[in-house]
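Report on one structure; see the data block that follows.
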Amino acid sequence: MQKTLLCLGCGYTARRLAPQLLARGWRVIGTAREPVAVPGVEMITWPGEEISLAGVTHVLSSIGPNASGDPVLAALRDEIAAAAAGLEWFGYLSTTAVYGDRGGDWVDETTPVAPTSERGTWRTLAEQQWQQIPGLRLHIFRLAGIYGPGRGPFAKLMAGKARRIVKPGQVFSRIHVDDIVQALLASIDAPNPGGIYNLCDDDPAPPQDVLGYAAELLGLPVPAEVPFDEAGMTPMARSFYGENKRVRNQRIKDALGVQLLYPSYREGLCAVLAAEDMERFVPPAEPPAL
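Heads up, the sequence shown is in the working numbering, so the first residue is 12 and it goes up one at a time.
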C-alpha cells in the first residue's frame with residue numbers, strides 16, 4: 012500500500028518535509044486555512060472542506076492550540092481515535108515552551124513540564140490530550156525557535172529594521188528547519204510510539220550574538236544594542252524573553268541517529284544566506300536567436 016502522510020497544517024516545516032516524502036513515492040495531503048497550491052501536495056482548505064483519513068498511514072499535526080484548545084482535537088479527535096489502529100505514525104509538533112522558565116539551566120526530555128507562559132500551558136494541555144487517545148502511535152517533537160530560508164534575520168538587517176535587544180543572561184535554543192525535517196524522517200523510518208524528542212541545535216545562544224553574526228555575514232554594521240527594558244516590544248515578543256533555558260538534544264542523536272546539518276546558528280545562517288541568495292538570483296534573459 013502506498014504510504015500517505017496527512018499534514019494537518021501544511022506550513023513552513025511540512026512544506027520542507029513534503030518533497031522528501033514525495034521523492035520516495037509517497038502521497039502527501041495537506042491542509043491550509045486559505046486555498047493555496049503546494050507542489051505535489053493534495054491541498055485541502057480546512058476548516059471548510061472535509062478531511063478523510065481513508066488510506067492515510069501517517070499524520071503530522073502542526074496546528075497550534077489557543078485559549079479554546081487544540082482545534083484538531085476539537086474537530087477530529089473521534090475520527091483520529093477510530094483510525095488510530097491503522098496509523099503507522101502520528102507526529103505532533105509541540106514546543107520547548109512546555110518546560111517554562113529555567114533561569115538559563117539545561118532541560119532535557121526527562122525534565123518535568125512546568126510552563127510559565129500562556130502558549131506553553133496550551134501546548135502542555137494539548138500534548139496530554141493527544142497522549143490520552145488509546146492506541147495512537149504518538150510521537151511528540153518539542154521544537155525550539157525555527158529558522159531557515161525565508162525565516163532568517165537577513166531581510167530585516169538589509170532593511171535597517173533589525174534590533175539587537177539585550178537582556179543580560181538571556182539565551183534561546185533554535186533549530187534549522189532542515190534539521191527538523193531529518194529528525195521527522197528518522198522517526199518515521201524507526202517509529203517509537205510514546206517517544207518525546209527535543210528538536211534544537213547544540214548551541215543555545217544570546218539573540219544579540221546571532222543577529223551580530225548575521226550582520227557580519229552581510230558585511231553590514233552590527234546594530235547597536237538596545238536594553239530589553241527600553242525596547243518597547245509587543246506583549247507577545249516580550250513573553251519570549253520571559254523564558255530562559257538551554258535545551259539538550261542528545262536523544263535525537265542517540266535514539267534517531269540524527270547528525271545535525273547545522274549544529275549551531277553559525278553554520279545555519281551561512282546556509283540560509285546561501286539559499287536566500289539563490290532565491291533572489293534571477294538568471295539573465297537568453298539572447299534572442301539570430
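Just so you know, even glycine gets a beta-carbon here, dropped at the ideal spot from N, CA and C.
Best match in Asn203, Thr135, Tyr276 for proximity to Asp220 [C-alpha to C-alpha]: In the sequence shown, counting from the first residue as 1, residue 220 sits at position 209. In this structure, Tyr276 is the residue among Asn203, Thr135, Tyr276 with its C-alpha nearest to the C-alpha of Asp220.
Beta carbon of Ala194 nearer than 8 Å to that of Leu267: On the sequence shown, residue 194 is found 183 positions in, with the first residue counted as 1. On the sequence shown, residue 267 is found 256 positions in, with the first residue counted as 1. Going by C-beta atoms, Ala194 is nearer than 8 Å to Leu267.
Which of helix, strand or coil DSSP assigns to Pro50: Within the sequence shown, numbered from 1, the residue matching residue 50 stands at position 39. Coil at Pro50, not helix or strand.
Thr68 beta carbon less than 8 Å from that of Leu98: In the sequence shown, residue 98 corresponds to position 87, counting from 1. In the sequence shown, residue 68 corresponds to position 57, counting from 1. In this structure, Leu98 lies near Thr68, with their beta-carbon atoms less than 8 Å apart.
Beta-carbon proximity of Phe101 to Arg148, cut-off 8 Å: Translated into positions along the sequence shown, residue 101 becomes position 90. Translated into positions along the sequence shown, residue 148 becomes position 137. In terms of Cβ geometry, Phe101 and Arg148 form a close pair [threshold 8 Å].
Where Val52 falls, given that 16 or more other Cβ within 10 Å makes a residue buried: Counted from its first residue, the sequence shown places residue 52 at position 41. Looking at its Cβ environment, which holds 16 or more other Cβ atoms inside 10 Å, Val52 is buried.
Helix, strand or coil at Cys281 according to DSSP, with G and I counted as helix: Mapped onto the sequence shown, residue 281 falls at position 270. Judged by DSSP in its simplified three-state form, Cys281 adopts helix.
Proximal residues to Pro160 (C-beta, below 6 Å), its chain only, five neighbours per side dropped: Walking along the sequence shown from the start, residue 160 turns up at place 149. Counting only Cβ-Cβ distances below 6 Å, and skipping sequence neighbours, we find Val283, Ala286, Glu287.
Inter-residue CB distance, Arg257 and Asp116 (contact presumed, cutoff 8 Å): For the purposes of this step, residue 257 is taken as residue 246 along the sequence shown, with counting starting at 1. For the purposes of this step, residue 116 is taken as residue 105 along the sequence shown, with counting starting at 1. About 7 Å separates the beta carbons of Arg257 and Asp116, which is inside the 8 Å limit, making them a contact pair.
DSSP three-state assignment for Glu254, whether helix, strand or coil: Along the sequence shown, one-based indexing puts residue 254 at 243. Note: Glu254 maps to coil in three-state DSSP.
N-terminal and C-terminal residue of the alpha helix (DSSP H) that Trp57 is part of: Walking along the sequence shown from the start, residue 57 turns up at place 46. Under the DSSP assignment, Trp57 falls outside any alpha helix (DSSP H); it carries neither an H nor an E label.
Nearest candidate by alpha-carbon position, reference Leu210, set Met54, Ala225, Val188: Numbered from its first residue, the sequence shown carries residue 210 at position 199. Minimum Cα distance to Leu210 is reached at Val188.
Assigned exposure category for Val47 - 16 Cβ within 10 Å defines buried: Counted from its first residue, the sequence shown places residue 47 at position 36. Per the 10 Å Cβ criterion, exposed.
Alpha carbon of Thr135 to alpha carbon of Ile144, nearest angstrom: Translated into the one-based positions of the sequence shown, residue 135 becomes position 124. Translated into the one-based positions of the sequence shown, residue 144 becomes position 133. Ile144 has its alpha-carbon roughly 15 Å from the corresponding atom of Thr135.
Sequence-distant residues of its chain with Cβ nearer than 6 Å to Ile263 (five each side left out): Position 252 of the sequence shown, counting from 1, holds the residue named residue 263. If we look at Ile263 and ignore the five residues flanking it on each side, its Cβ neighbours are Ala194, Tyr208, Val269.
Range of the contiguous beta strand (DSSP E) that encloses Thr15: Locating residue 15 in the sequence shown gives position 4, counting from the first residue. Note, Thr15: beta strand (DSSP E), 15 to 19.
Residue range of the beta strand (DSSP E) that includes Val221: By one-based count along the sequence shown, residue 221 stands at place 210. From DSSP, Val221 is part of no beta strand (DSSP E) but of the alpha helix (DSSP H) over 218 to 229.
Three-state secondary structure (DSSP) of Ile91: Taking the sequence shown and counting its residues from 1, one reaches residue 91 at position 80. Helix.
Secondary structure of Val233, DSSP reduced to three states: By 1-based counting over the sequence shown, the position of residue 233 is 222. It is coil, neither helix nor strand.
Residue of Ala34, Val83, Ile176 minimising C-alpha distance to Cys18: Mapped onto the sequence shown, residue 18 falls at position 7. Comparing Cα positions, the closest option is Val83.
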